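Asks: Numbering (the numbering used here), first residue to last: 1 to 518.
Mind looking over this structure? Questions follow.
Spelled out as structure tokens, the structure:
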């Protein structure tokens with residue numbers, strides 16, 4: 001049996017923690033850990049599942065698997081870490097739904113309360129009957145009656161009150177009759193909660209949900225009026241996602257305390273509206289109250305592969321963060337590789353396979369560019385600077401230099417000089433203010449959230465490809481986003497290609513910089 005160990009997160013090679021205990025909890029704050037075999041899963045099957053995720057999916061960032069309330073495997077792909085929060089994107093919606101469920105349990109709201117009743121001063125002078133008929137249950141089930149094209153006119157960046165903007169949108173159908181994915185509807189749930197309680201989502205959830213689950217590190221972006229965005233913007237750790245999913249698996253009970261009524265859990269996770277008819281598509285299994293039904297169980301999910309998978313039949317939970325556009329493939333790997341391995345009884349212990357799984361998870365990393373450290377020929381580009389014309393990234397200049405045998409890339413923008421230490425064969429961690437406010441992925445400008453005074457947490461790794469090309473990746477390690485820089489040098493100029501992943505793969509036009517110093 002492997003003893004309980006923690007790996008030093010300060011070392012560059014530490015990319016995973018896997019505790020294998022005998023079912024004992026080492027501190028009150030920890031979830032119980034166990035070998036997979038004790039919970040009816042062969043460690044070899046878990047290893048095969050992890051291999052499939054690692055080889056078939058681009059940019060898996062973290063994984064936790066719980067069975068019978070015990071963590072049986074957990075891993076973080078370097079440079080991501082267990083203590084880092086990770087933006088949840090639309091997985092935030094399930095937390096907003098939970099806040100509404102608690103408010104209903106407390107008698108503050110009803111599913112049949114009409115939306116217009118909470119914002120009498122924002123209602124149009126002659127409201128359409130469809131708008132007047134819209135209820136809280138319609139917001140929750142995304143059956144507000146809106147067309148998708150009409151929703152595209154709603155901007156979260158507006159300095160004007162957003163509830164009024166929502167109530168001005170055309171309502172084309174009778175509420176409750178048509179499912180249209182609707183992030184503004186989730187925002188309205190947040191606004192309604194703040195209207196009736198005087199607290200934003202985080203303030204409301206902290207004593208009722210976050211503190212009991214020991215989620216102490218949550219942040220949530222908000223609008224110009226201080227209302228949490230609701231449908232996106234929440235950031236928590238992977239273990240916090242797992243605890244949230246486990247609460248739902250336990251029908252709202254946590255440590256002998258009913259945080260959320262079992263009735264609400266059932267309503268929120270039951271199909272409330274049809275989302276399609278394809279039995280093989282996980283987005284066609286129906287939608288509850290800000291939860292998706294799945295081919296197996298149900299889930300909260302967010303763009304780029306943020307998952308809280310709840311599997312009642314297997315008494316299991318799977319929490320995943322990632323930066324992939326292929327979310328459906330992640331679920332298929334869970335269904336095909338992990339679920340069949342879950343048996344009804346404990347299995348015979350297999351220390352060798354447990355150790356193999358441990359070693360596998362201890363060596364996970366997102367992709368690093370392949371190549372060499374800078375050689376003598378590549379050194380001719382160090383110490384030089386290149387000037388760029390106006391561009392969408394706001395990059396004015398780029399300088400390369402050597403510092404202690406490490407390549408340093410210094411980007412100059414209107415906000416100053418931003419130094420990136422590029423690790424070779426390893427991720428070098430730091431913080432950067434590069435690209436604040438830039439919508440790197442159209443429609444997902446919230447990935448980085450608000451500008452932070454000391455910059456965003458990040459890590460960089462790269463390699464020289466031949467003598468005239470440097471490629472490095474910059475991972476914003478509290479987000480799904482990883483940016484790839486490809487620098488190709490010539491005697492008088494530099495071609496800079498910038499590509500990004502984070503649920504959408506995007507390549508922008510090549511930027512050309514002219515050599516200005518030698």
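Ideal Cβ positions, reconstructed from N, Cα and C, are used throughout, including at glycine.
Quick caveat: nothing in here was measured; it's all calculated off a predicted structure.
Out of 174, 178, 182 and 311, point me to the one whose CA is closest to residue 166's CA.
Replies: Position 166 of the chain shown, counted from the first residue, corresponds to residue 166. The option with the nearest alpha carbon to residue 166 is 182.
Asks: Can you list, in chain order, the residues of its chain whose CB lies under 6 Å from that of residue 444, leaving out five sequence neighbours each side?
Replies: The residue labelled residue 444 in the question sits at position 444 within the chain shown. Unreliable placement is indicated for residue 444, whose pLDDT of 40 sits below 50; no coordinate value is reported for it.
Asks: How many angstroms separate the CA atom of residue 60 from the CA atom of residue 266?
Replies: If you number the chain shown from 1, residue 60 lands on position 60. If you number the chain shown from 1, residue 266 lands on position 266. Approximately 30 Å between the Cα atoms of the pair.
Asks: Write down the C-beta distance between residue 108 and residue 132 rounded to the nearest angstrom, noting that I regard them as a contact closer than 8 Å.
Replies: As a first step, residue 108 is located in the chain shown; it is residue number 108 there, counting from the start. As a first step, residue 132 is located in the chain shown; it is residue number 132 there, counting from the start. The Cβ separation is near 22 Å, so there is no contact.
Asks: Under the rule that 16 or more other beta-carbon atoms within 10 Å means buried, what is residue 216, buried or exposed?
Replies: Within the chain shown, numbered from 1, the residue matching residue 216 stands at position 216. Under this definition residue 216 is an exposed residue.
Asks: Can you tell me the Cβ-Cβ gap for residue 195 and residue 290, rounded? I've got them flagged as a contact below 8 Å.
Replies: Within the chain shown, residue 195 is the residue found at index 195, counting from 1. Within the chain shown, residue 290 is the residue found at index 290, counting from 1. Beta-carbon to beta-carbon, residue 195 and residue 290 are separated by about 19 Å, too far to satisfy the 8 Å threshold.
Asks: Measuring only from the beta carbon, is residue 263 closer than 7 Å to any heavy atom that is part of the ligand ADP?
Replies: Because no ligand of any kind appears in the structure shown, any question about the ligand ADP cannot be addressed here.
Asks: Are residue 95 and residue 307 close, meaning C-beta to C-beta below 8 Å?
Replies: Locating residue 95 in the chain shown gives position 95, counting from the first residue. Locating residue 307 in the chain shown gives position 307, counting from the first residue. No, these two residues do not count as a Cβ contact at 8 Å.
Asks: Pull up the DSSP beta-bridge partners for residue 310, would you.
Replies: In the chain shown, counting from the first residue as 1, residue 310 sits at position 310. Residue 310 is bridged to 298 and 317.
Asks: Quick one: Cα of residue 210 to Cα of residue 424, how far?
Replies: Here residue 210 is taken as the residue at index 210 of the chain shown, counted from 1. Here residue 424 is taken as the residue at index 424 of the chain shown, counted from 1. Distance between the alpha carbons of residue 210 and residue 424 is about 39 Å.
Asks: For the pair the region 323-334 and the region 40-48, tell me if three or more CB-CB distances fall below 8 Å.
Replies: no
Asks: With a threshold of 16 other CB atoms inside 10 Å of the CB of residue 340, please say whether the residue is buried or exposed.
Replies: Here residue 340 is taken as the residue at index 340 of the chain shown, counted from 1. Flag for residue 340 reads exposed.
Asks: If you check the beta carbons only, do residue 402 and residue 68 fall under 8 Å apart?
Replies: Counting from 1 along the chain shown, the entry for residue 402 is found at position 402. Counting from 1 along the chain shown, the entry for residue 68 is found at position 68. For residue 402 and residue 68, no; Cβs fall outside 8 Å.
Asks: Does DSSP put residue 165 in a helix, in a strand, or in coil?
Replies: As a first step, residue 165 is located in the chain shown; it is residue number 165 there, counting from the start. DSSP places residue 165 in helix when its eight states are reduced to three.
Asks: When you compare only the Cα positions, how much space is there between residue 47 and residue 357?
Replies: In the chain shown, counting from the first residue as 1, residue 47 sits at position 47. In the chain shown, counting from the first residue as 1, residue 357 sits at position 357. C-alpha separation (whole angstroms): 5 Å.
Asks: Below 8 Å between beta carbons: does that hold for residue 515 and residue 492?
Replies: One-based indexing of the chain shown puts residue 515 at position 515. One-based indexing of the chain shown puts residue 492 at position 492. Closer than 8 Å, so yes.
Asks: Does the contact criterion of 3 or more C-beta pairs under 8 Å hold for the region 85-102 versus the region 478-498?
Replies: yes
Asks: Starting from residue 488, trace the beta strand (DSSP E) both ways and give me its first and last residue.
Replies: Here residue 488 refers to the residue found at position 488 of the chain shown. Here the beta strand (DSSP E) through residue 488 covers 482-489.
Asks: Among the residues of its own chain, which have a CB less than 6 Å from the CB of residue 219, if the five just before and after it don't count?
Replies: Mapped onto the chain shown, residue 219 falls at position 219. So the list reads 235, once near-sequence residues are dropped.
Asks: Is it true that the CB of residue 287 sits closer than 8 Å to the CB of residue 141?
Replies: By one-based count along the chain shown, residue 141 stands at place 141. By one-based count along the chain shown, residue 287 stands at place 287. Going by C-beta atoms, residue 141 is nearer than 8 Å to residue 287.
Asks: How long is the line joining the alpha carbons of residue 513 and residue 82, rounded to whole angstroms?
Replies: Position 513 of the chain shown, counted from the start, is the residue given in the question as residue 513. Position 82 of the chain shown, counted from the start, is the residue given in the question as residue 82. If I take the Cα positions, the gap works out to 39 Å.
Asks: Would you please state the rounded distance, in angstroms, between the beta carbons of residue 144 and residue 123? I believe it to be under 8 Å.
Replies: Walking along the chain shown from the start, residue 144 turns up at place 144. Walking along the chain shown from the start, residue 123 turns up at place 123. By a beta-carbon distance limit of 8 Å, residue 144 does not contact residue 123. Their separation comes to about 15 Å.
Asks: Going by DSSP, which residues form a beta bridge with residue 419?
Replies: In the chain shown, the residue the question calls residue 419 occupies position 419. Answer is 410, bridged to residue 419.
Asks: Three-state secondary structure (DSSP) at residue 18?
Replies: Within the chain shown, numbered from 1, the residue matching residue 18 stands at position 18. Model confidence at residue 18 stands at a pLDDT of 34, short of 50, so the residue's coordinates are unreliable and nothing is read from them.
Asks: Take residue 384 as the anchor and find which of 394, 400 and 370 has the nearest alpha-carbon.
Replies: The residue labelled residue 384 in the question sits at position 384 within the chain shown. Nearest option by C-alpha distance: 400.
Asks: From this set, 31, 382, 429 and 36, which residue's C-alpha is nearest residue 348's C-alpha?
Replies: On the chain shown, residue 348 is found 348 positions in, with the first residue counted as 1. Per the Cα distances, 36.
Asks: Specify, as a first and last residue, the run of the alpha helix (DSSP H) that residue 354 falls within.
Replies: What you label residue 354 is simply residue 354 of the chain shown in a count that begins at 1. Residue 354 -> alpha helix (DSSP H) spans 351-361.
Asks: In chain order, what residues of the same chain lie with their CB nearer than 7 Å to the CB of residue 495, ignoring the 5 residues before and after it?
Replies: Position 495 of the chain shown, counting from 1, holds the residue named residue 495. Contacts found: 488, 510 and 512.
Asks: Among residues of its own chain, excluding the 5 on either side of residue 396, which ones have a beta-carbon nearer than 8 Å to its beta-carbon?
Replies: Looking up residue 396 in the chain shown gives position 396. Sequence-distant partners of residue 396 (beyond 5 residues in either direction) whose C-beta falls short of 8 Å from its own C-beta, in its chain, are 387, 388, 412, 413 and 414.
Asks: What residues are listed by DSSP as bridge partners for residue 108?
Replies: The sequence position of residue 108 within the chain shown is 108, counting from 1. None, per the DSSP bridge assignment.
Asks: Since residue 262 contacts residue 251 with CB under 8 Å, what's their CB separation in whole angstroms?
Replies: Your numbering for residue 262 matches position 262 in the chain shown. Your numbering for residue 251 matches position 251 in the chain shown. About 4 Å separates the Cβ atoms of residue 262 and residue 251, confirming a contact at the 8 Å cut-off.
Asks: Residue 208 and residue 102 - do their beta-carbons sit closer together than 8 Å?
Replies: Within the chain shown, residue 102 is the residue found at index 102, counting from 1. Within the chain shown, residue 208 is the residue found at index 208, counting from 1. In contact: residue 102 and residue 208 (Cβ atoms closer than 8 Å).
Asks: Which residues in the same chain have their Cβ closer than 7 Å to the Cβ of residue 431, if we skip the five residues on either side of it in sequence?
Replies: By one-based count along the chain shown, residue 431 stands at place 431. 454, 455, 456, 457 and 458, listed in sequence order.
Asks: On a Cα-Cα basis, can you pick out the residue from 421, 169 and 464 that is closest to residue 127?
Replies: Within the chain shown, numbered from 1, the residue matching residue 127 stands at position 127. Per the Cα distances, 169.
Asks: In whole angstroms, what is the alpha-carbon distance linking residue 461 and residue 227?
Replies: Here residue 461 corresponds to residue number 461 of the chain shown, with the count starting at 1. Here residue 227 corresponds to residue number 227 of the chain shown, with the count starting at 1. Going by the C-alpha atoms only, they are around 37 Å apart.
Asks: Going by beta carbon distance, what residues of the same chain come within less than 7 Å of residue 154, once the five residues before and after it are set aside?
Replies: Translated into positions along the chain shown, residue 154 becomes position 154. Leaving aside the five residues that flank residue 154 on each side, the residues in its chain whose CB is nearer than 7 Å to its CB run, in chain order, 165, 166, 169 and 184.
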